[in-house]
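Engineer:
Protein chains: 2
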Amino acid sequence: MKIFVALACLLAGCLAQRPHPCESPPLLSGALTASTQNEKLWVYAKYLYDALGQRMRLFEFGNLDNQTFTYDFLLLYKEHVMYEINHHNRTCKKIPLKVDFQPLGISKDASLLGQVIVGSSSGPGQGLLVNTWIGDLPNKEGKYMSTVTEFGCIPVSVAFQTKQYGWMVFSYFNNIIGISDPDASTDEEPIGFFSLFHRKN
Amino acid sequence: MKIFVALACLLAGCLAQRPHPCESPPLLSGALTASTQNEKLWVYAKYLYDALGQRMRLFEFGNLDNQTFTYDFLLLYKEHVMYEINHHNRTCKKIPLKVDFQPLGISKDASLLGQVIVGSSSGPGQGLLVNTWIGDLPNKEGKYMSTVTEFGCIPVSVAFQTKQYGWMVFSYFNNIIGISDPDASTDEEPIGFFSLFHRKN
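Chains as they are written, first to last, in full-length UniProt numbering: chain C, 1 to 201; chain L, 1 to 201.
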């Protein structure tokens, strides 16, 4: 009888499984777009994300106040610096990075808004189960809404309120687990063929 | 040799398969949210979609200019009428429907923006292959951007420009192919238990 009760509880627990806050895989590569409510800023970027080393690489193409731009950023959160790499001018600018590293995923104080299927569950390959969470930004700066996949905790979108742009939405796509070229997320300066033979000693 | 060339062409054709405009399944049920750039309107709705009969049913809950509302609409495009059903007051208002039926999916004159995976292709159940298309609204009223799944042509989102609200975004989810309760998309007036025995002759 005790075993029956235990099994019934286990079954009830399994059936009642609710989504939980989660951390995204520590190594991710992919692409994202950022768009803003007031249409002042729009960005497309390829990204490399390394939560183990607390670093990111962003290859950006965008439009700010009707001016297009391209940027190549390397963000080293542990060292609180970022590098702006200009391939055209062959320059690299070192900039203080004041924010702390924020791992991708859902923080533990977020509230579940709901679980839905994007697309359809009626056929194979037609749908994706995702969880959407909401919460408050630090320092009561506004709200955020974050969607990740149920399986894998892969980022789908993050929207948050900003003073400068109104709502800002990041949409992630073409994400793969891992980083195909670790070199690209480690080098603190651009390396050409010759620099491989002329490294600083 | 001819067979080899034919096979090579076939292979090249298969490898080079580009997404094509598509029509969504003629019967769909699901849910959607509509949100607007100027934040004046926000709607959550359950929908029934019947492209064969050119009709839709919308059970809406929303917020317009900081006033919440609930609506139950039946849209009969062939007959150019819609019905606003008020369950609380047990009334049904007949309203002319001036727009033509627009099947869900991608119209033939749309331009492909790109094909991406929402989520990730690194693990099972982690990703969804979608195609995003852009085009001009009728009468040059602005642009639209529409995303559907590669497999099944299930609607994911539609964004378009409006004069009243700026950009308006419809996000579809929990879609299933078919209509579980055909009654709900056909009845032109609400039917209670007694009306089953007191139908007009």
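Even for Gly, the Cβ is constructed at its ideal location relative to N, Cα and C.
Inspect the beta-carbon positions of L/A34 and L/L41 and report whether they are closer than 8 Å.
Structural biologist: Position 34 of the second sequence, counted from the start, is the residue given in the question as residue 34 of chain L. Position 41 of the second sequence, counted from the start, is the residue given in the question as residue 41 of chain L. Yes, the Cβ-Cβ distance between L/A34 and L/L41 is below 8 Å.
Engineer: Please work out which residues of its chain come closer than 6 Å, Cβ to Cβ, to C/Q115, disregarding the five sequence neighbours upstream and downstream, and give them in chain order.
Structural biologist: Position 115 of the first sequence holds residue 115 of chain C. Correct list, in chain order: P19 and N131.
Engineer: Tell me which same chain residues have a C-beta within less than 6 Å of the C-beta of C/T36, skipping the five on either side of it?
Structural biologist: The count along the first sequence starts at 1 and reaches residue 36 of chain C at position 36. Same-chain partners within the cutoff: Y165 and M168.
Engineer: Are the region 75-91 of chain C and the region 84-93 of chain L touching by the rule of at least three beta carbon pairs closer than 8 Å?
Structural biologist: no
Engineer: Return the CA-CA distance between C/S107 and C/A159, expressed in angstroms with no decimal places.
Structural biologist: Residue mapping note: residue 107 of chain C aligns to position 107 of the first sequence, counting from 1. Residue mapping note: residue 159 of chain C aligns to position 159 of the first sequence, counting from 1. Each residue's Cα considered, the two are about 14 Å apart.
Engineer: What residues match up with C/C92 in a beta bridge as DSSP calls it?
Structural biologist: As a position in the first sequence, residue 92 of chain C is number 92, starting the count at 1. Beta-bridge annotation (DSSP): C/C92 is paired with C/I85.
Engineer: Indicate whether at least one CB of chain L lies closer than 8 Å to the CB of C/G127.
Structural biologist: For the purposes of this step, residue 127 of chain C is identified with residue 127 of the first sequence, where counting begins at 1. For C/G127, the answer is yes, since a Cβ of chain L falls inside 8 Å of its Cβ.
Engineer: Is it the case that the Cβ atoms of L/L48 and L/I176 are separated by a distance below 8 Å?
Structural biologist: By one-based count along the second sequence, residue 48 of chain L stands at place 48. By one-based count along the second sequence, residue 176 of chain L stands at place 176. Contact flag unset, no.
Engineer: What in chain L is Cβ-close to C/F173, meaning under 7 Å?
Structural biologist: Against the first sequence, residue 173 of chain C aligns to sequence position 173. Under the 7 Å cutoff, chain L gives V116, I117 and V118.
Engineer: Residues of chain B with CB under 7 Å from C/I154, in chain order?
Structural biologist: Going by chain labels, chain B is absent from the structure shown, which instead holds the protein chains C and L.
Engineer: For L/I117, does the count of other Cβ atoms within 10 angstroms reach 16, so buried, or fall short, so exposed?
Structural biologist: On the second sequence, residue 117 of chain L is found 117 positions in, with the first residue counted as 1. By the beta-carbon neighbour count (other beta carbons within 10 angstroms, threshold 16), L/I117 is buried.
Engineer: Which chain L residues are close to C/F151, counting only those with a beta carbon under 7 Å from its beta carbon?
Structural biologist: By one-based count along the first sequence, residue 151 of chain C stands at place 151. Correct list: G123, G125 and Q126.
Engineer: Whose C-beta lies closer than 7 Å to the C-beta of L/S120 among residues of the same chain, with five residues either side of it excluded?
Structural biologist: If you number the second sequence from 1, residue 120 of chain L lands on position 120. Residues Q126 and G127 of the same chain have their beta carbon placed closer than 7 Å to that of L/S120, with the five preceding and five following residues left out of the count.
Engineer: Flag C/I176 as yes if its beta-carbon sits less than 8 Å from any beta-carbon of chain L, otherwise no.
Structural biologist: Within the first sequence, residue 176 of chain C is the residue found at index 176, counting from 1. Closer than 8 Å to some Cβ of chain L, the Cβ of C/I176 qualifies, so yes.
Engineer: Is the shortest distance between the beta-carbon of L/Q37 and the beta-carbons of chain C less than 8 Å?
Structural biologist: On the second sequence, position 37 is the one that residue 37 of chain L refers to. Yes, its Cβ sits closer than 8 Å to a Cβ of chain C.
Engineer: Can you give the Cα-Cα distance for L/K78 and L/W133, rounded to whole angstroms?
Structural biologist: Here residue 78 of chain L refers to the residue found at position 78 of the second sequence. Here residue 133 of chain L refers to the residue found at position 133 of the second sequence. One C-alpha to the other measures close to 27 Å.
Engineer: Suppose you measure from the CA of C/F170 to the CA of C/K143; what does that come to, to the nearest Å?
Structural biologist: Residue 170 of chain C sits at position 170 when you count from the first residue of the first sequence. Residue 143 of chain C sits at position 143 when you count from the first residue of the first sequence. Taking the straight line from one Cα to the other gives about 14 Å.
Engineer: Apart from the five residues just before and just after L/Y71, which ones in its own chain have a Cβ nearer than 6 Å to its Cβ?
Structural biologist: Sequence index remark: in the second sequence, residue 71 of chain L carries index 71 (1-based). These residues qualify, in order along the chain: E60.
Engineer: In this structure, does DSSP put residue 219 of chain C in helix, strand or coil?
Structural biologist: Because chain C spans 1 through 201 in this model, residue 219 of chain C falls outside it and cannot be assessed.
Engineer: Classify C/C149 as buried or exposed, calling it buried when 16 or more other Cβ atoms lie within 10 Å of its own Cβ.
Structural biologist: Residue 149 of chain C sits at position 149 when you count from the first residue of the first sequence. Reading off the sequence, residue 149 of chain C comes out as Thr, not Cys. Buried is the call here.
Engineer: Just the C-alpha distance for L/K98 and L/L76, rounded to the nearest angstrom, thanks.
Structural biologist: As a position in the second sequence, residue 98 of chain L is number 98, starting the count at 1. As a position in the second sequence, residue 76 of chain L is number 76, starting the count at 1. Approximately 11 Å, taken between the alpha carbons.
Engineer: Measuring straight from C-alpha to C-alpha, what distance separates L/P155 and L/D65?
Structural biologist: Within the second sequence, residue 155 of chain L is the residue found at index 155, counting from 1. Within the second sequence, residue 65 of chain L is the residue found at index 65, counting from 1. Approximately 28 Å, taken between the alpha carbons.
Engineer: Please work out which residues of its chain come closer than 8 Å, Cβ to Cβ, to C/L137, disregarding the five sequence neighbours upstream and downstream, and give them in chain order.
Structural biologist: In the first sequence, counting from the first residue as 1, residue 137 of chain C sits at position 137. For C/L137, where only same-chain residues beyond five positions count, the Cβ hits under 8 Å are K143, Y144, F160 and Q161.
Engineer: Quickly, what does DSSP pair L/Q161 with across the bridge? List them, please.
Structural biologist: Along the second sequence, one-based indexing puts residue 161 of chain L at 161. As a beta-bridge residue in DSSP terms, L/Q161 pairs with L/W167.
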